[in-house]
Amino acid sequence: MAYWLFKTEPDELSIDDLAAEPERSFLWDGVRNYQARNFLRDLVQLGDQVFIYHSSCKPPGIAGIASISRAAYPDPSQFKPDSPYFDAKSNPQTPRWVAVDVKFEQKFAQFLTLDKLKKIGTLDQMPLVRKGNRLSVMPVTEQEWRTILSLTALSNQD
DNA sequence: GCCAACGTTGGC
DNA sequence: GCCAACGTTGGC
Numbered sequence: 001m002a003y004w005l006f007k008t009e010p011d012e013l014s015i016d017d018l019a020a021e022p023e024r025s026f027l028w029d030g031v032r033n034y035q036a037r038n039f040l041r042d043l044v045q046l047g048d049q050v051f052i053y054h055s056s057c058k059p060p061g062i063a064g065i066a067s068i069s070r071a072a073y074p075d076p077s078q079f080k081p082d083s084p085y086f087d088a089k090s091n092p093q094t095p096r097w098v099a100v101d102v103k104f105e106q107k108f109a110q111f112l113t114l115d116k117l118k119k120i121g122t123l124d125q126m127p128l129v130r131k132g133n134r135l136s137v138m139p140v141t142e143q144e145w146r147t148i149l150s151l152t153a154l155s156n157q158d
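For reference, each letter of the first sequence is one residue, going 1 to 158 in UniProt numbering.
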């Protein structure tokens, strides 16, 4: 099982949206960057664990955990002309973009701000804390995963 | 709202 | 295939 971090704007989809329907699989679409796409398409697998990161908000940071409930499949939004994610150059025979499904796992009792993460020396290799990095889907090492978990208490730990 | 960083596009 | 122009991301 692998670990990941996915960025989302909480106005679009937040950890609370996931938590409100804990049994539901949510479509994770709109990834339009090739490096992120390649992670989704080639490496993200059913059951993988995902930090849900809230971006473009105050403050940005990690809000909780989801899991992959469906591995990569063609992102439906690329074929919808009305969608902001429409891609006229993609076609159903050779879809350019993929989506996955995610499901709620945990919400952090303590939201972990980017500012705090930047202060943890052992996390300095994460693309997340590196200047100018805009990757919206990134791998997280097991060590990083454990470090981050140790920084928060989980609200619904069993 | 600014702007640094970076990815993509398109003329040549 | 270079690279300038442009668009986007996302923290600040």
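Ideal placement from N, C-alpha and C gives every residue a C-beta, glycine not left out.
Check: Spatial neighbours of A2 in its chain, beta-carbon cut-off 6 Å, leaving aside the 5 residues before and after; Outcome: D48
Check: Nearest to F108 (by Cα), restricted to the options L123, I52, S25, A88; Outcome: I52
Check: Coil, strand or helix - F86 by DSSP; Outcome: coil
Check: Alpha-carbon spacing of Q143 relative to K7, whole angstroms; Outcome: 20 Å
Check: Under 8 Å between C-beta atoms of D75 and D29; Outcome: yes
Check: DSSP state of V129 mapped onto helix, strand, coil; Outcome: helix
Check: 8 Å CB neighbourhood of R70 in its chain, flanking five on each side removed; Outcome: S25, L46, V100, D101
Check: Cutoff 6 Å; reference F39; Cβ partners in own chain excluding five residues on either side; Outcome: V137
Check: Environment of Q93 [buried if 16+ CB atoms lie within 10 Å]; Outcome: exposed
Check: Span separating the alpha-carbon of K131 from that of E9; Outcome: 19 Å
Check: Start-to-end residues for the beta strand (DSSP E) that takes in S67; Outcome: 61 to 74
Check: Q49 - DSSP class collapsed to helix/strand/coil; Outcome: strand
Check: Closer than 7 Å: R70 CB and nearest the ligand ADP heavy atom; Outcome: Of the ligands one can find in the structure shown there are none, so the ligand ADP has no counterpart to examine.
Check: Integer Cβ distance of R96 from D87, believed to fall under 8 Å; Outcome: 6 Å
Check: Simplified DSSP state of R114, which is helix, strand or coil; Outcome: Note that residue 114 is Leu in the sequence shown here, rather than Arg. In this structure, L114 counts as helix in the three-state DSSP scheme.
Check: Residues that DSSP places opposite P139 in a beta bridge; Outcome: W4
Check: Three-way DSSP call (helix, strand, coil) for residue 161 in this model; Outcome: Residue coverage of the chain in this structure runs from 1 to 158, which leaves residue 161 outside it and unanswerable.
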